[in-house]
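**Q** Structure below; questions to follow.
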Amino acid sequence: MTQKNSLNKHREPRIIAVANQKGGVGKTTTAVNLATAISAINKKVLIIDLDPQGNASVSVGLSRLNNGANAYSVLTGRRRLSDTVSWTKIPNLSLVPASLDLLGIDIEFAEQENPQFFLKKALKTTPSGYDYIIIDCPPAVGLLTINALVAADAVIVPIQCEYLALEGVADLVKTIEKVKKNFNPGLDIQGIVLTMFDARNNLSDMVASDVRGYFGDKVYNTVIPRNVRVSEAPSHGKPVLLYDWRCPGAQAYISLAGEMLKREEGICA
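For the sequence shown, position 82 (counting from the first letter as 1) is numbered 228 according to the working numbering, and the numbering increases by one without interruption.
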C-alpha cells in the first residue's frame, strides 16, 4: 500500500463520527463527501464503514467482497486495522470496508468485557499520517455506534429537513452525553448539518428554524439541498463531488467541508 502525501505528522488524527439513529437522512452521503472534500486539499483521510449495509464502501467504488479485510474483523480482533485499509481511486482517501457480519455484533459481544472500547483499541494500529478518520455509523444506537462515539473526538449529526426530524435526535444527544460522561470525556458535537433541504416548500424552512432554535450555533450555516445528482452518485461508485462537482449538492458539501475545517482549526489551535 503506497501513496505519496503531504502528511500531518504533528498530531494524532482527528476522529469524527457521523451519526443519526434515523435512516435516510444523508448520513453516509455526508461522511463520504466530507471525506472527499477534505482529501482534495491534501489531507489524508480514512473512512471506517461501520454500517453493515456497506453504503460508504460502495459510494467510493469499493466492493463489499473484501476477503475478510473489513471492520468486522477489526472489531473482533481477527485483523489489525492497518491490515484492512483499502485505497480508493480518490487521492489521499482510503477506507476500511463494512461487512454484513456487523449485523450480529450486539449479540456476539453481549458477554464480552468492555465491548464499547473495541474500536478505540483497534485504532491504535492505524497507519501513521492520517489527518482525519471519519466513521460512518449505522442508523441505530447500538454497540457499533457506541464504539464509534467512544473512539471519536467529535460527532457530526445530519438531520433531514422533513417532519419529525427532531424526533429521535434528542435520544441520540442523550446517548452522546452518556458516552461523554462515562467513557469519553472529550467527546463533543462538532456540528449539526441540515440535509435534503427543499427551498420550494415551507416545511424545510420550518424544520431548519426548529433545528437552529434547538441546537443554536451547533448547526452549520451550510444546508445540503435535495438534489437528484447526490442520489445518483453512489450507483456510479463515486461521491457526488466526483460525479458532478458543479451540481448544487456537490457545491454544498464543498462549503460544508470548509465550514467544518474552520471549526476544527478553532478546536485544534
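C-beta atoms are modelled at their ideal positions from N, C-alpha and C, and glycine is treated no differently.
Buried or exposed for LEU310, please, with buried defined as at least 16 other CB atoms from any protein chain shown within 10 angstroms of its CB.
**A** The residue in question, LEU310, is exposed, as its Cβ has fewer than 16 Cβ neighbours within 10 Å.
**Q** Tell me whether LYS173 is buried or exposed, calling it buried when 16 or more other Cβ atoms sit within 10 Å of its Cβ.
**A** LYS173 should be labelled buried.
**Q** Of all the options CYS393, SER401, ARG375 and ALA202, which has the alpha carbon lying nearest to the alpha carbon of ASP282?
**A** Here the closest residue by C-alpha is ALA202.
**Q** By the DSSP assignment, the alpha helix (DSSP H) with ALA215 in it spans what residues?
**A** No alpha helix (DSSP H) holds ALA215; DSSP gives it neither H nor E.
**Q** Under three-state DSSP, which class holds GLN149?
**A** With a pLDDT of only 42 at GLN149, under 50, the local geometry of the prediction cannot be trusted, and the value read off the model is given with reservation. Of the three classes helix, strand and coil, the one that applies to GLN149 here is coil, per DSSP.
**Q** Just tell me which of GLY275, THR175 and LYS189 has its CA closest to the CA of GLY200.
**A** Ranking the options by Cα distance to GLY200, first place goes to THR175.
**Q** Say the cut is 8 angstroms; is the CB of LEU310 nearer than that to a heavy atom of the ligand HEM?
**A** Among the ligands in the structure shown, none appear at all, so the ligand HEM cannot be discussed.
**Q** Within 10 angstroms of its Cβ, does PRO331 collect 16 or more other Cβ (buried), or is it exposed?
**A** That one is exposed.
**Q** When you compare the CB positions of THR182 and ILE253, do they come within less than 9 angstroms of one another, or not?
**A** No. Outside cutoff.
**Q** Thinking just about the alpha-carbon of each residue, which of VAL303, PRO285 and PRO394 is nearest to the one in PHE361?
**A** Comparing Cα positions, the closest option is VAL303.
**Q** For SER240 and LEU295, which I take to be in contact (beta-carbon distance under 8 angstroms), what is that distance rounded to the nearest angstrom?
**A** No, SER240 and LEU295 are not in contact; Cβ-Cβ is about 22 angstroms, not under 8 angstroms.
**Q** Check for me: the alpha helix (DSSP H) holding ARG358 runs from which residue to which?
**A** Per DSSP, ARG358 belongs to the alpha helix (DSSP H) from 348–361.
**Q** So, do the segment 366–374 and the segment 389–406 have three or more beta carbon pairs nearer to each other than 8 angstroms?
**A** Yes: at least three Cβ pairs fall under 8 angstroms.
**Q** Thinking C-alpha only, which one of LEU221, ARG210, GLU323 and GLY250 is nearest PRO243?
**A** For PRO243, the nearest C-alpha among the options comes from ARG210.
**Q** Given this structure, state the Cα-to-Cα distance separating THR272 from SER228, to the nearest angstrom.
**A** Going from the Cα of THR272 to the Cα of SER228 covers about 5 angstroms.
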